[in-house]
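> In our numbering, the protein residues as written are 1484 to 1794.
Don't be surprised by glycine CBs; every beta carbon is placed ideally from N, CA and C.
I'd like to ask some things about the structure below.
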Ligand SMILES: Cc1cc2nc3c(=O)[nH]c(=O)nc-3n(C[C@H](O)[C@H](O)[C@H](O)COP(=O)(O)OP(=O)(O)OC[C@H]3O[C@@H](n4cnc5c(N)ncnc54)[C@H](O)[C@@H]3O)c2cc1C
């Protein structure tokens, strides 16, 4: 079976691994320059900063066994057991940043990065479908898994003549604006390396040096969805973010500051099934909009998508 997977985030890569291990011929394509999607890590000078997902937790057996494998191989480790109070539940991080988990998953898979899917249409050869790339080339497939945020997935399927039979097309996403800073000295955040629901502006502040990802002081600030929406196009965005961040960094001076905008950060509603398939099981929709807007949900949705094709 020839499968094309659109999206090399957590869900797409997990699906690709499961299908490849089952003997399918899998190609993953992603418009980004590297794999990982919202599990993203950026270098700023000597600083290393996670700027999408910050950490993850484990609740389900399927994800538990994956995380146990990652722990054994040193791909992930425990950051803490809670930020304000120790609640006993581990918060895990990628040992070399959250993106390194995606890179590990992508090992030995056929992944084409900087490759943007333009549309999915009926195949002209022996395969049922073809994924048309924005450069006009096609990737034929017996089955296609789409893992982009829902509005992008729906847009890719306009030529495929698919009836979704539900309101999935209306799925909306919250935005997140991130401020990434490297500093001249360490900061002392009140929590164990991170602050959740920090203040009116920030929903999360994470110390990448405390996390063990960065060898120099580097902090990630994530603005709340409402704040992000209201300030998305501000000309003075970076100044506003810097002044909101000032009380948290105390005496430290910012060496470098960058802004990262996530237009589709978090789905506002989550669909109850772990993935969605056409009646003939040749088009599968997956991603964190199905099994929960977190790393674990994306993982479990990717696995469900692979199982949907394998029967
Ligand atoms: C700011 C932020 C903070 C977060 N914090 C946490 C956290 O602390 N803990 C947690 O568990 N989760 C967190 N999350 C959520 C978590 O990152 C996501 O749930 C998960 O990574 C989603 O994976 P995915 O595979 O479903 O989608 P994505 O990672 O979005 O992957 C989809 C991929 O599809 C690609 N794509 C889209 N359109 C096309 C196209 N036309 N052609 C080719 N490729 C395309 C994209 O480039 C992307 O790589 C956070 C997310 C954000 C944005």
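Take the Cβ of residue 1564 as the centre, count every other Cβ of all protein chains shown within 10 Å, and call the residue buried at 16 or more, exposed below.
By the neighbour-count rule (16 or more Cβ atoms within 10 Å), residue 1564 is not buried but exposed.
> Compute every distance between the C-beta of residue 1651 and the non-hydrogen atoms of ligand 3, then say whether any falls below 8 Å.
Absence of ligand 3 from the depicted structure is noted, with ligand 1 being the only ligands included.
> Got a sec, what are the start and stop residues for the beta strand (DSSP E) residue 1665 sits in?
Residue 1665 -> beta strand (DSSP E) spans 1656–1666.
> Taking one C-beta from the region 1485–1494 and one from the region 1622–1630 each time, how about it: are there three or more such pairs within less than 8 Å?
The region 1485–1494 vs the region 1622–1630: in contact.
> What does residue 1645 pair with, by DSSP beta-bridge criteria?
Residue 1645 pairs with nothing; no bridge assigned.
> Evaluate contact between the region 1732–1742 and the region 1600–1616, counting only Cβ atoms and requiring at least three cross-stretch pairs below 8 Å.
In short, these stretches do not touch, since the Cβ pair count stays below three.
> When you measure from the CB of residue 1747 to every non-hydrogen atom of ligand 1, does any distance come out below 8 Å?
Indeed, a heavy atom of ligand 1 lies less than 8 Å from the Cβ.
> Between residue 1757 and ligand 1, is the CB less than 8 Å from at least one heavy atom?
Not so, every heavy atom of ligand 1 lies at least 8 Å from the Cβ.
> Report yes if the C-beta distance between residue 1694 and residue 1576 is below 9 Å; otherwise report no.
Contact flag set, yes.
> By Cβ distance, which residues of its chain are closer than 8 Å to residue 1616, with the 5 residues on each side in sequence left out?
Cβ neighbours of residue 1616 beyond the five flanking positions: 1512, 1598, 1599, 1600, 1601 and 1622.
> Quick one, which of 1642, 1591 and 1612 has its alpha-carbon nearest residue 1504's?
Nearest of 1642, 1591 and 1612 to residue 1504, Cα basis: 1591.
> What is the rounded straight-line gap between the Cα of residue 1442 and the Cα of residue 1668?
This structure does not reach residue 1442, given that the chain is present from 1484 up to 1794, and the question cannot be answered.
> Quick one: does the C-beta of residue 1776 sit closer than 8 Å to a heavy atom of ligand 1?
Yes - ligand 1 has a heavy atom lying nearer than 8 Å to the Cβ of residue 1776.
> What whole-angstrom Cβ distance do residue 1792 and residue 1502 have, given they're in contact under 8 Å?
Right, their Cβ atoms sit about 7 Å apart.
> Would you mind listing the beta strand (DSSP E) stretches within the region 1504–1589 that are 3+ residues and don't spill past its ends, in chain order?
List check, beta strand (DSSP E) in window: 1508–1512, 1524–1527, 1530–1533, 1559–1563 and 1574–1577.
> Could you tell me which of 1724, 1666 and 1714 sits nearest to residue 1699, measuring between CA atoms?
Selected option, being the one with the closest Cα: 1666.
> On the DSSP bridge list, what partners appear for residue 1605?
Partner(s): 1612.
> To the nearest whole angstrom, what separates the beta carbons of residue 1706 and residue 1660, a pair I think is in contact under 8 Å?
Going by Cβ atoms, the distance from residue 1706 to residue 1660 rounds to 4 Å, so yes, they are a contact pair.
> Relative to the C-alpha of residue 1711, which candidate in 1701, 1760 and 1687 has its C-alpha closest?
It is 1687 whose Cα lies nearest to the Cα of residue 1711.
> Decide if residue 1653 is buried, meaning its Cβ has at least 16 other Cβ atoms within 10 Å, or exposed.
That one is exposed.
> Apart from the five residues just before and just after residue 1485, which ones in its own chain have a Cβ nearer than 7 Å to its Cβ?
The residues are 1508, 1610, 1623, 1624 and 1625.
> Can you tell me whether DSSP reads residue 1772 as helix, strand or coil?
Residue 1772: helix per DSSP, three-state reduction.
> Taking the DSSP output, what are the residues bridged to residue 1760?
Residue 1760 pairs with 1767.
> Put residue 1709 into one of helix, strand or coil per three-state DSSP.
Helix, per DSSP.
> Just to check my reading of the structure: residue 1776 and residue 1749 have Cβ atoms closer than 8 Å, yes? What is that Cβ distance to the nearest angstrom?
Indeed, because the Cβ distance is near 5 Å, the residues count as touching under 8 Å.
> Are there any heavy atoms of ligand 1 lying less than 8 Å away from the beta-carbon of residue 1521, as far as the coordinates show?
For ligand 1, at least one heavy atom lies less than 8 Å from the Cβ of residue 1521.
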